[in-house]
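Last residue of the sequence shown: number 312 in our numbering, and the count goes up by one each step with no gaps. Working notes for the structure below.
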Amino acid sequence: MIQEKIYRMPSSVSEAINFAKSNSDSYRYLAGGTDIMPNKFQGNDQISCLIDLSKIENLRGVSAENNMLRIGALETLSSLAKNPLVIENFPVLIEAILSVGSPLIRYSATLGGNVLCENRCLYYNQSEWWRQSVGYCLKCDGDICIATQGKNACFSEMVSDTAPALIALNAKIEYEDLSGKHIVPLESIYTGDGVKPKNLPTEAIVHAILIPSDKKYRCHFKKLRERESLEFTSLTCCITADEKNNIRIVLSGVDPKPVLIEGLITDDPETLITRAVKAARTVDNDMYTRKYRREMIKVYINEGITKINR
Ligand SMILES: Cc1cc2nc3c(=O)[nH]c(=O)nc-3n(C[C@H](O)[C@H](O)[C@H](O)COP(=O)(O)OP(=O)(O)OC[C@H]3O[C@@H](n4cnc5c(N)ncnc54)[C@H](O)[C@@H]3O)c2cc1C
Ligand code: SF4
Numbered sequence: 003m004i005q006e007k008i009y010r011m012p013s014s015v016s017e018a019i020n021f022a023k024s025n026s027d028s029y030r031y032l033a034g035g036t037d038i039m040p041n042k043f044q045g046n047d048q049i050s051c052l053i054d055l056s057k058i059e060n061l062r063g064v065s066a067e068n069n070m071l072r073i074g075a076l077e078t079l080s081s082l083a084k085n086p087l088v089i090e091n092f093p094v095l096i097e098a099i100l101s102v103g104s105p106l107i108r109y110s111a112t113l114g115g116n117v118l119c120e121n122r123c124l125y126y127n128q129s130e131w132w133r134q135s136v137g138y139c140l141k142c143d144g145d146i147c148i149a150t151q152g153k154n155a156c157f158s159e160m161v162s163d164t165a166p167a168l169i170a171l172n173a174k175i176e177y178e179d180l181s182g183k184h185i186v187p188l189e190s191i192y193t194g195d196g197v198k199p200k201n202l203p204t205e206a207i208v209h210a211i212l213i214p215s216d217k218k219y220r221c222h223f224k225k226l227r228e229r230e231s232l233e234f235t236s237l238t239c240c241i242t243a244d245e246k247n248n249i250r251i252v253l254s255g256v257d258p259k260p261v262l263i264e265g266l267i268t269d270d271p272e273t274l275i276t277r278a279v280k281a282a283r284t285v286d287n288d289m290y291t292r293k294y295r296r297e298m299i300k301v302y303i304n305e306g307i308t309k310i311n312r
């Protein structure tokens with residue numbers, strides 16, 4: 003049977019949520035489309051109703067308000083990379099943004115879409131034909147994790163490059179669902195379950211990312227990838243230390259959710275590294291081996307703490 007395809011372009015958040023309600027659970031919001039469309043072409047995402055958010059003007063804009071930098075979810079990564087408020091206040095976020103994809107991807111990709119992009123795995127991001135030939139896995143209607151040969155959990159990786167920088171900067175996410183508006187720490191929306199990596203209600207629309215601007219940080223950002231351009235992360239590491247020496251170490255690419263380690267810059271670096279390596283449930287589902295990426299976690303954190311302490 004041919005599935006009917008539905009495309010909607012609402013002009014307000016409430017209209018979008020109403021479209022969502024009328025399609026029960028069977029829809030996706032579309033922002034820049036650089037994550038969702040490749041997933042649809044590969045058959046990983048078979049939902050046939052797209053609700054395009056791009057005409058909702060109040061999801062755009064960058065403004066400084068109440069000791070916060072407010073970045074609209076629909077702001078593209080290329081526009082943010084040129085934004086004076088972001089450049090001046092959060093150069094580490096610019097580093098993270100410029101590590102995403104290529105100039106062409108960043109031209110369409112939005113910040114909201116980046117923090118919500120789908121988890122990835124070497125055994126999942128393949129064509130339908132490939133996945134069918136190996137027998138599917140827990141993330142796509144199968145009953146086993148091919149990467150671990152286990153039956154209980156999926157360890158697809160959270161691959162956003164901006165999320166580690168935003169979480170290290172104590173960012174919050176503002177979203178609206180059927181029960182109203184909410185503002186929560188960005189790290190709290192990630193579940194750690196590779197099959198369903200976010201705990202936002204399906205109809206939730208992200209309005210903005212809010213970054214406190216009343217703190218000064220020393221920062222470090224580094225991304226491990228096979229080539230310097232157009233490559234998803236195998237390990238992204240962002241470290242910040244504020245004026246009170248509170249340190250936040252955030253990793254992506256090595257666990258189904260961002261790994262967050264908090265401490266003091268005066269803590270023994272070996273202890274912080276051991277905590278990070280233990281927290282990262284890295285498995286062999288990337289071009290680099292599990293062993294190598296776990297070694298690189300140690301290298302990147304060591305490098306970052308040394309740089310911040312200099
Ligand atoms: C070749 C290639 C290379 C890439 N390289 C990288 C990389 O190096 N690093 C990286 O982090 N990503 C990379 N990506 C993935 C993707 O481009 C980015 O994550 C991008 O920022 C996604 O943003 P988008 O606006 O295109 O999201 P979309 O594809 O439109 O949406 C992504 C998800 O977010 C949801 N969504 C989007 N906006 C909202 C909103 N406001 N409210 C509620 N839900 C929303 C959508 O429903 C969807 O589930 C790459 C993609 C490609 C094709
Ligand atoms: S980690 Fe396992 S279950 Fe998850 S996508 Fe990869 S192979 Fe599938």
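C-beta atoms are modelled at their ideal positions from N, C-alpha and C, and glycine is treated no differently.
With respect to the C-alpha of Ile275, the residue from Thr291, Val252, Phe43 and Asp288 having the closest C-alpha is Val252. Residue Pro105 holds the alpha-carbon nearest to the alpha-carbon of Glu230 among Cys156, Thr284, Pro105 and Ile185. Under the three-pair Cβ rule at 8 Å, the segment 77 to 85 does not count as touching the segment 37 to 47. A distance criterion of 8 Å places the beta-carbon of Gly196 in contact range of ligand 2, judged by its closest non-hydrogen atom. Here the segment 157 to 174 makes contact with the segment 120 to 130; the two share three or more CB pairs at distances below 8 Å. Annotation for Lys42: the continuous alpha helix (DSSP H) segment containing it runs Ile38 to Phe43.
Exposed is the label assigned to Tyr9, since fewer than 16 other Cβ atoms lie within 10 Å of its Cβ. If you check the CB distance, Arg296 and Leu226 do not come in under 9 Å. Apart from the 5 residues on each side of it in sequence, Gly265 sits with its Cβ closer than 6 Å to the Cβ of Ile249 and Leu274 in its chain, given in chain order. If you ignore the 5 residues before and after Asn311, its C-beta comes within less than 8 Å of the C-beta of Ile267, all in its own chain and listed in chain order. For Met289, no beta strand (DSSP E) run applies, since DSSP gives it neither H nor E.
Rounded to the nearest whole angstrom, the CA to CA distance from Gly144 to Ile96 is 39 Å. Look at Thr150: its beta carbon is less than 8 Å from one of the heavy atoms in ligand 2. Between Cys142 and Asn68, the C-beta spacing is not below 9 Å. Collapsing the DSSP output to three states places Asn116 in a helix. Residue environment for Gly137: exposed (fewer than 16 other C-beta atoms within 10 angstroms of its C-beta).
Using a 10 angstroms sphere on the CB of Gly63, the tally of other CB atoms stays under 16, which defines it as exposed. Lys218 counts as exposed, since fewer than 16 other C-beta atoms from the protein chains shown sit within 10 angstroms of its C-beta. Cys221 is positioned such that its CB atom lies no closer than 9 Å to that of Ile191. In summary, Ile175 is buried, with 16 or more beta-carbon neighbours lying within 10 Å of its beta-carbon over all protein chains present. Distance from the CA atom of Pro271 to the CA atom of Asp288, rounded to whole angstroms, is 27 Å.
With a cutoff of 9 Å on beta-carbon distance, Leu61 and Val186 are scored as not near each other. The Cβ atoms of Leu202 and Leu118 sit closer than 9 Å to each other. In the same chain as Met11, and ignoring 5 residues on each side of it, the C-beta atoms closer than 6 Å to its own belong to Asp54 and Lys57, in chain order. Placement of the Cβ of Ser158 at a distance of less than 8 Å from at least one heavy atom of ligand 2 is found.
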